Amino acid sequence: MIKKGMIATLVFMLIFALFGCSSSTEQTATTEKKITVVTDAAFAPFEYMDKGEIVGFDVDLLKAVMKEAGLAYELKNIGWDPLFAAIQGKTADMAVSGITINDDRKQTYDFSIPYFESTHMILVKEGSSIKSAKDLQGKVVGVQNGTTGQEAVEKILGKENKNIKKFENTVVAIMDLLNGGVEAVVTDNAVANEYVKNNPDAKIVAFEDPEHFESEFYGFMFPKGSELKQKVDEALKKVIENGTYAEIYKKWFGTEPNIESLQQQQ
Numbered sequence: 450m451i452k453k454g455m456i457a458t459l460v461f462m463l464i465f466a467l468f469g470c471s472s473s474t475e476q477t478a479t480t481e482k483k484i485t486v487v488t489d490a491a492f493a494p495f496e497y498m499d500k501g502e503i504v505g506f507d508v509d510l511l512k513a514v515m516k517e518a519g520l521a522y523e524l525k526n527i528g529w530d531p532l533f534a535a536i537q538g539k540t541a542d543m544a545v546s547g548i549t550i551n552d553d554r555k556q557t558y559d560f561s562i563p564y565f566e567s568t569h570m571i572l573v574k575e576g577s578s579i580k581s582a583k584d585l586q587g588k589v590v591g592v593q594n595g596t597t598g599q600e601a602v603e604k605i606l607g608k609e610n611k612n613i614k615k616f617e618n619t620v621v622a623i624m625d626l627l628n629g630g631v632e633a634v635v636t637d638n639a640v641a642n643e644y645v646k647n648n649p650d651a652k653i654v655a656f657e658d659p660e661h662f663e664s665e666f667y668g669f670m671f672p673k674g675s676e677l678k679q680k681v682d683e684a685l686k687k688v689i690e691n692g693t694y695a696e697i698y699k700k701w702f703g704t705e706p707n708i709e710s711l712q713q714q715q
């Protein structure tokens, strides 16, 4: 049996506990800001839709980096051109979408240290006469609009060349190649290799041309002056150093990453 004095004490303690819990929960909810990360989920194997979810190499790496940094986040699929507008307009905090770091983009955006080395490849149908980047002259070439793949082709064919056919994403460009609308598609090596591997019946081949296509590096992208960059850089370095990056890389590409090349870029 509980005495009246004890009941009063317990009631007081219960009220105190309830208010204490309520106050603590509200503080956590209002002070913990969820980072908004945007992407274009049409760039397999980096990010793409699978059964209604965004999956891919970038997605797994983002998860590992944000966990290391202790940051809560939400990943949104908004498209290629809109993600640049969202970062520039600061309606999003960060972008990940196989985004190449280059001097032109650095004028408007901040980037993390590099996390992936890439180069461009040319996709053609089997039996095509196109064997190098020089062979693209006089041919209709598909590219994803606003990418460094487009810039690479423009260096070869000329910026205003009517034979450069621009698409919303690489998937649509490859579909046009299959349908005969373009004679070649220029895109990143990992994307090209992934398509050829997963679609053997399409009879599409991919090849590199190191003479005309230099290596590029991907990075996480931020609004200019973002305080988030330093936290992400520190976390990304740890993920690369502790072996987590290599595990994610092997999962998606089946080979060991060139860690030394990435670290040289830091």
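Under my numbering, the letters of the sequence shown match residues 450 to 715, in that order. Cβ atoms here follow ideal geometry from the backbone N, Cα and C, with glycine treated the same way. It should be emphasised that the depicted structure is a prediction, and the values quoted were computed from it without experimental measurement.
#### Entry: Top-ranked residue by Cα proximity to P494, from K512, N642, V621 and P706
N642
#### Entry: Inter-residue Cα distance where the pair is K574 and I653
5 Å
#### Entry: Pair within 7 Å by beta-carbon distance, N618 and Q593
yes
### Message
In this structure, how does DSSP classify A493 when only helix, strand and coil are distinguished?
### Response
coil
### Query
In the region 529–571, which residue ranges form an unbroken beta strand (DSSP E) of at least 3 residues, counting only runs that do not cross its ends?
558–560 and 565–567
#### Entry: When I550, V504 and I536 are compared against Q663, the one with the closest alpha-carbon
The residue asked about is misnamed: residue 663 is Glu in this sequence, not Gln. Checked all of I550, V504 and I536; the closest Cα to E663 is I550.
### Message
Give the list of continuous alpha helix (DSSP H) stretches no shorter than 4 residues that lie fully inside the region 616–699.
### Response
619–627, 638–647 and 677–690
### Task
Kindly identify the DSSP beta-bridge partner or partners of V717.
Lying outside 450 to 715, the shown extent of the chain, residue 717 is not represented and no answer is given.
### Query
Taking the C-alpha atoms as reference points, what is the distance between K604 and I536?
27 Å
### Task
Would you mind working out which of D542, T596 and E632 sits nearest N612, comparing C-alpha positions?
E632
#### Entry: Counterpart residues of K604 in DSSP-defined beta bridges
Per DSSP, none; premise fails for K604.
### Query
Under the rule that 16 or more other beta-carbon atoms within 10 Å means buried, what is G501, buried or exposed?
exposed
### Query
Identify the residues that DSSP records as bridge partners of L524: which are they?
V486
### Task
Can you grab the Cα-Cα spacing for the pair K608 / T485, in whole Å?
Counting only the Cα atoms, T485 lies some 34 Å from K608.
### Task
For I503, verify whether its CB is less than 6 Å away from any heavy atom of the ligand FAD.
The ligand content of the structure shown is nil, which means the ligand FAD is not present either.
### Helix, strand or coil at I503 [DSSP, three-state]
DSSP, read as helix, strand or coil, puts I503 in strand.
### Query
For K574, does the three-state DSSP call read helix, strand or coil?
strand
### Query
How many angstroms separate the CA atom of M670 from the CA atom of V590?
28 Å
### Message
On a Cα-Cα basis, can you pick out the residue from V681, Q599, P672 and T693 that is closest to T540?
### Response
Residue nearest to T540 within the set V681, Q599, P672 and T693 is P672 (criterion: CA-CA distance).
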